[in-house]
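First up is the structure itself, then whatever we jot down about it.
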Amino acid sequence: MVNLILLTILATLFFIITAWRLVTYLQILSLQGFLLFFAAYLSLSSMNSANLLFILLETIIVKAVAIPFFLSYVLKRNNITREAEPIIPTFISLVLMVIAVIAIFFFSYSSGYSIFDNLYFVVSLTTIFAGLYIIMSRRKIITHVMGYLIIENGVFILSLAVGNEMPILVNLGILLDIFASVLTLGIFFNRIGDVFKDADVTKLQSLKD
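Under the numbering used here, the first residue of the sequence shown is numbered 84, with each subsequent residue one higher.
Have a look at this one:
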């Protein structure tokens, strides 16, 4: 069952790198949050009940509901609906994604390391790659934030594979970073949204001290 959830998360990555409607990004982020909730429940069932409850609540409330809802508010507040014209064509993006999955899969199964479950390792590194790729290939600041959140999901998946004690420690530190980043960028958007309606990172070059 966990393997099916991980493969579903992997499939969402191919969909998100080809999407240009920002509401689609939010829907996928929310879906990944729900999938991670079930993955955490199944993977960490032997963990201390209090720690497991914290992780499950954090995952379902923050990843699946709160952050997508907050980013949806930011999009509506600044009237942003779509990503700008792609820096890299969609077909090339898909090809690069396939190459990344194959390379990570080959490395995972040929390295011989036993500390990580191979499927966790493949899906987590592919998720991190997808997040980095979105940050590098998209123009809008808000999309970069979503790319960062996808990276965090990849780190969370990796933490599920290393034991029943580590996830809460890893996720707590990253969660605080996400909250700080999202809230700061929310204020940032509210302040400059009227000036830069498209919130394109290339236009930040024109800002003066």
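Glycine is no exception: its CB is placed at the ideal position from the N, C-alpha and C atoms. Only a predicted model underlies this, so the values are computations on that prediction, with no experimental measurement involved.
Check your understanding: Of all the options Glu141, Met180, Arg160 and Leu139, which has the alpha carbon lying nearest to the alpha carbon of Val205?
Key -> Met180
Check your understanding: Run through DSSP, which three-state label would Arg160 get?
Key -> helix
Practice item. Measure the C-alpha to C-alpha separation of Ala183 and Phe239 and round it to an integer number of angstroms. Key: 19 Å
Review point. Would a C-beta distance cut-off of 8 Å place Leu112 and Met229 closer than the cut-off?
Key: yes
Point to revise | Which listed residue (Arg160, Gln115 and Ser129) has its alpha carbon closest to that of Thr142 | key: Gln115
Practice item. Count the other CB atoms, across all protein chains shown, that sit within 10 Å of the CB of Lys159; report buried if there are 16 or more and exposed otherwise. Key: exposed
Check your understanding: From Val245 to Ile171, what does the alpha carbon distance come to, in whole angstroms?
Key -> 35 Å
Check your understanding: Roughly how many angstroms separate the alpha carbons of Val178 and Gly237, rounded to a whole number?
Key -> 20 Å
**Study point:** Residues that DSSP places opposite Arg165 in a beta bridge
**Key:** Arg104
Exercise for review: Rounded to whole angstroms, what's the CA-CA distance from Val278 to Ser129? Just pull it up for me.
Suggested key: Confidence in Val278 is poor, its pLDDT being 43 and thus under 50, which makes the residue's placement unreliable; the coordinate value appears in the next sentence. Between Val278 and Ser129, the C-alpha separation is close to 52 Å.
Point to revise | For Thr209, the first and last residue of its enclosing alpha helix (DSSP H) | key: Asn201 to Ser220
Exercise for review: For the alpha helix (DSSP H) containing Leu140, list its first residue and its last residue.
Suggested key: Ser132 to Glu141
Check your understanding: Based on Cα-Cα distance, which residue from Val106, Phe190, Phe121 and Ser176 lies nearest to Pro151?
Key -> Val106
Review point. Skipping 5 residues on each side, what residues in its chain have a beta carbon closer than 7 Å to that of Gly214?
Key: Gly230, Tyr231, Ile233, Ile234 and Gly237
Check your understanding: Are Ile163 and Ile99 close, meaning C-beta to C-beta below 8 Å?
Key -> no
**Study point:** Test item: CB-CB of Thr101 and Thr173 under 8 Å
**Key:** yes
Exercise for review: Have a look at Tyr124 and Leu96 and give me their C-alpha separation to the nearest angstrom.
Suggested key: 22 Å
Check your understanding: Hey, quick one: how far does the alpha helix (DSSP H) through Leu127 stretch, first residue to last?
Key -> Run containing Leu127: none; DSSP gives neither H nor E here.
Point to revise | Coarse secondary structure for Ile187, derived from DSSP in three states | key: helix
Check your understanding: Roughly how many angstroms separate the alpha carbons of Met84 and Leu127, rounded to a whole number?
Key -> 13 Å
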